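**Student:** Questions regarding the structure given below will be posed in turn.
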Amino acid sequence: MTSHHPDSPAPAPSLTEVEPYGVERIPDAERTATPFDLFRVAFGGANTFSTCVLGAFPILFGLSFWQGLAATVLGVLAGALILCPMAVFGPANGTNNAVSSSAHLGVHGRVVGSFLSLLTAVAFFSISVWSSGDALVGGAHRLFGLPRGTLSYVVAYALFAGLVLAVCVYGFRFMLFVNKIAVTSATVLFLLGAVAFAGDFDPSYGGSFTASADAATRAMFWPSFIGAALIVLSNPVSFGAFLGDWSRYIPADAPRRRVVGAAFLSQLATLLPFVFGLATASIIATKAPQYVDPAAPDFVGGLLAISPSWFFLPVCLLALIGGMSTGTTALYGTGLDFSSVFPRLSRVRATMLVGAVSIAFIFLGRFALDLVQSISTFATMIITCTTPWMVVMIIGFFTRRGWYDPDALQVFNRRQRGGRYWFTHGWNWRGMTAWWASAVLGILCTDIPGQFVGPLGDLANGVDISLPLSLAVAAVLYLALLWLFPEPRAAYGPEGARWVRTREVPVPAITEAPAPAAV
Numbered sequence: 028m029t030s031h032h033p034d035s036p037a038p039a040p041s042l043t044e045v046e047p048y049g050v051e052r053i054p055d056a057e058r059t060a061t062p063f064d065l066f067r068v069a070f071g072g073a074n075t076f077s078t079c080v081l082g083a084f085p086i087l088f089g090l091s092f093w094q095g096l097a098a099t100v101l102g103v104l105a106g107a108l109i110l111c112p113m114a115v116f117g118p119a120n121g122t123n124n125a126v127s128s129s130a131h132l133g134v135h136g137r138v139v140g141s142f143l144s145l146l147t148a149v150a151f152f153s154i155s156v157w158s159s160g161d162a163l164v165g166g167a168h169r170l171f172g173l174p175r176g177t178l179s180y181v182v183a184y185a186l187f188a189g190l191v192l193a194v195c196v197y198g199f200r201f202m203l204f205v206n207k208i209a210v211t212s213a214t215v216l217f218l219l220g221a222v223a224f225a226g227d228f229d230p231s232y233g234g235s236f237t238a239s240a241d242a243a244t245r246a247m248f249w250p251s252f253i254g255a256a257l258i259v260l261s262n263p264v265s266f267g268a269f270l271g272d273w274s275r276y277i278p279a280d281a282p283r284r285r286v287v288g289a290a291f292l293s294q295l296a297t298l299l300p301f302v303f304g305l306a307t308a309s310i311i312a313t314k315a316p317q318y319v320d321p322a323a324p325d326f327v328g329g330l331l332a333i334s335p336s337w338f339f340l341p342v343c344l345l346a347l348i349g350g351m352s353t354g355t356t357a358l359y360g361t362g363l364d365f366s367s368v369f370p371r372l373s374r375v376r377a378t379m380l381v382g383a384v385s386i387a388f389i390f391l392g393r394f395a396l397d398l399v400q401s402i403s404t405f406a407t408m409i410i411t412c413t414t415p416w417m418v419v420m421i422i423g424f425f426t427r428r429g430w431y432d433p434d435a436l437q438v439f440n441r442r443q444r445g446g447r448y449w450f451t452h453g454w455n456w457r458g459m460t461a462w463w464a465s466a467v468l469g470i471l472c473t474d475i476p477g478q479f480v481g482p483l484g485d486l487a488n489g490v491d492i493s494l495p496l497s498l499a500v501a502a503v504l505y506l507a508l509l510w511l512f513p514e515p516r517a518a519y520g521p522e523g524a525r526w527v528r529t530r531e532v533p534v535p536a537i538t539e540a541p542a543p544a545a546v
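With the working numbering applied, the sequence shown covers 28 to 546.
Structure (structure tokens):
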């Protein structure tokens, strides 16, 4: 009979064992993941059919193949650079990024991260179910003659959403297992797709902005190019609120450069599904242009229309495997975080609730709204609001020299008061102001032609400058507020602050919150 030494790592739990942890700090003995596991989960969550759908948007916006490729590479690189520093919070604090944001937005201000993760989860869970469900129904129609009616789509969406919810309920280990399968199998299927479409692909596809286009069309080039790049960029940025959900299982002493590098490379690798979507969309625009009609685009239907018959089954497999991966990575973290925002909800119940809200949005967007317009507008709004939050987090990490008080980070989750991050009644108005001011300014300056144009959207003659403007304003405003209105010295740890000033004030003791009055 063997005994388990208290200082040795705990045995790995079973895949079918429901994960017991919420957003509390993961015990050191349980933190057995590696930076490669982070790469696998992040890449697996994006190496999917839904990313192909996003990759088709440059063609839907009228760009040529080469113009679309430039917009795609720009969006992926910019998004990866913005995203990758967000991977360090999980290993440092053993919890998710919303909880870590308590150090910069305050004990109560951390709910901003929870709200942003909810929006992101609803959007990308919906995209995965829409695209995968459409592919499954379309493939079944071509293979078995299944009617492509409303009932078929309803059943496909419901079944697929149920599978994703089941994986999320079991938790991180099961999700990691699914992504191990998804990364390899989806990559093989994409490479197989390259063989299937190689004969039809023509990189000289010219799009709408050719030399013969009229002046009004040519004037729309830069708005369309920037808009396409922003759609692509929304994919890596969407992981910002979720990276800590997975990297919290990485030991605290793991080299930070490896953790950051894993997050960066995971997004560079997504060029595979993005370029697959871009290339196949250019084929669809040439051979079956009715499927890229701006009034009613249907990338999934177009892909099935141009596919050789032997590739129908791989398309269905790609939709099923990839959609599971995207759906689980989007939904898991939000269910995890909302279990702390609403104490009556366990992680499992919070996951089910968020899943139910997402499913309602799926049916509303698919049957009552313009699907492509809903996706592009929602994705742009997400990055406009999420990116300034990420800027505040990253700058805060550098000014704190990467030091955090794990116990003080958990004050909100334990329904307590006080601690290093209590600031002003639980709010750090410096970080909050930098976030909401830059997010509001970004929304006001948003310019998505034909979809959403903010009151200041015409500042750059139709070019959407919302993202660079909100990035710059968030960075400058946050640093200025930290310098003009110094934070307590105790929030910065033993080595003190970097770049900013501090002030000596006592730290309020952590106490239990008053019990609600009896009714």
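Just so you know, even glycine gets a beta-carbon here, dropped at the ideal spot from N, CA and C.
All values reported here derive from a predicted model rather than from experimental measurement.
1. With a 10 Å radius around its C-beta and 16 neighbouring C-beta atoms as the bar for buried, classify D64 as buried or exposed.
2. When DSSP labels each residue in this structure, what does M333 get in the three-state scheme?
3. Where does I409 fall in DSSP's three states?
4. Under 8 Å between the Cβ atoms of G453 and H135?
5. Is it buried or exposed for G176, if we count other Cβ within 10 angstroms and need 16 for buried?
6. Do you know whose CA, among G382, Y448, A507 and A499, lies nearest S144's CA?
7. Hey, which unbroken runs of the alpha helix (DSSP H) at 4 residues or more fall wholly within the segment 265 to 312?
8. Which residues bound the alpha helix (DSSP H) around F551?
9. If you follow the alpha helix (DSSP H) that H168 is in, where does it begin and where does it stop?
10. If I'm right that I253 touches D432 with Cβ under 8 Å, what's the distance once you round it to whole angstroms?
11. Return the residue from the list P515, A517, P521 and W526 that minimises the CA-CA distance to L506.
12. For V205, tell me which candidate among L190, V215, L216 and L218 has the shortest Cα-Cα distance.
13. Can you find a heavy atom of the ligand SAM that lies under 7 Å from the Cβ of G481?
14. Anyone know if the C-beta pair for S127 and F142 falls short of 8 Å?
15. Please say whether V138 and V327 have beta carbons closer to each other than 8 Å?
16. Please determine, among P62, L436 and L192, the residue with the shortest C-alpha to C-alpha distance to R285.
17. T538 by DSSP, collapsed to three states: which one?
18. Can you tell me whether DSSP reads V438 as helix, strand or coil?
19. Buried or exposed: where does A60 fall if 16 or more other Cβ atoms within 10 Å of its Cβ makes it buried?
20. Give the DSSP-derived three-state secondary structure of S35 in the structure shown.
21. Taking the straight line between their C-alpha atoms, what separation do you get for W273 and A279?
22. Excluding sequence positions up to five away, which residues of its chain have a Cβ less than 7 Å from the Cβ of A315?
23. Give a yes or no on contact between the segment 479 to 495 and the segment 232 to 243, applying the rule of three or more CB pairs nearer than 8 Å.
24. Spatial neighbours of L344 within its chain, please: CB distance less than 8 Å, with the 5 preceding and 5 following residues excluded, ordered by chain position.
25. Name, in chain order, the residues that DSSP records as bridge partners for V205.
26. In whole angstroms, what is the alpha-carbon distance linking P282 and Y276?
27. Between C111, F151, F425 and A502, which lies nearest to F76 when the distance is taken from Cα to Cα?
28. Taking 8 Å as the threshold (C-beta atoms), are A193 and I386 in contact?
29. Could you tell me the alpha carbon to alpha carbon distance between H31 and P118, rounded to whole angstroms?
30. Could you tell me which of A69, A289, L305 and F266 sits nearest to D229, measuring between CA atoms?
31. Which residue's Cα is closest to the Cα of D320: S465, L110, C79 and F88?
32. By the 10 Å Cβ neighbour count, where 16 or more other Cβ atoms means buried, how is P535 classified, buried or exposed?
33. Take M459 and list the residues in its own chain whose beta-carbon comes closer than 6 Å to its own, dropping the five residues that flank it on each side.
34. Report the CB separation of L81 from V259 in whole angstroms; it is logged as a contact under 8 Å.
35. Under a Cβ-count criterion, where at least 16 other Cβ atoms within 10 Å of its own Cβ denotes burial, should A296 be classed as buried or exposed?
36. Do you know offhand how far T538's Cα is from Q443's?
**Tutor:** The structure says:
1. buried
2. Note on residue identity: the sequence assigns Ile, not Met, to residue 333. I333: helix per DSSP, three-state reduction.
3. helix
4. yes
5. exposed
6. G382
7. 270 to 274 and 283 to 295
8. With the chain running from 28 to 546 in the structure shown, residue 551 is simply not present.
9. V138 to F171
10. About 41 Å; that fails the 8 Å criterion.
11. W526
12. L190
13. For the ligand SAM, the structure offers nothing, since it holds no ligand at all.
14. no
15. no
16. P62
17. strand
18. coil
19. buried
20. For S35, the pLDDT reaches just 45, beneath the cut-off of 50, and the residue's location in the model is therefore unreliable, leaving the point undetermined.
21. 13 Å
22. G329, A332 and I333
23. no
24. S212 and L216
25. Answer by DSSP bridge pairing: none, since V205 is not bridged.
26. 14 Å
27. F151
28. no
29. Only weak support exists for where H31 lies, its pLDDT of 43 falling under 50; the value from the coordinates is given anyway. Computed Cα separation, rounded: 25 Å.
30. L305
31. F88
32. exposed
33. L132 and G136
34. 6 Å
35. buried
36. 6 Å
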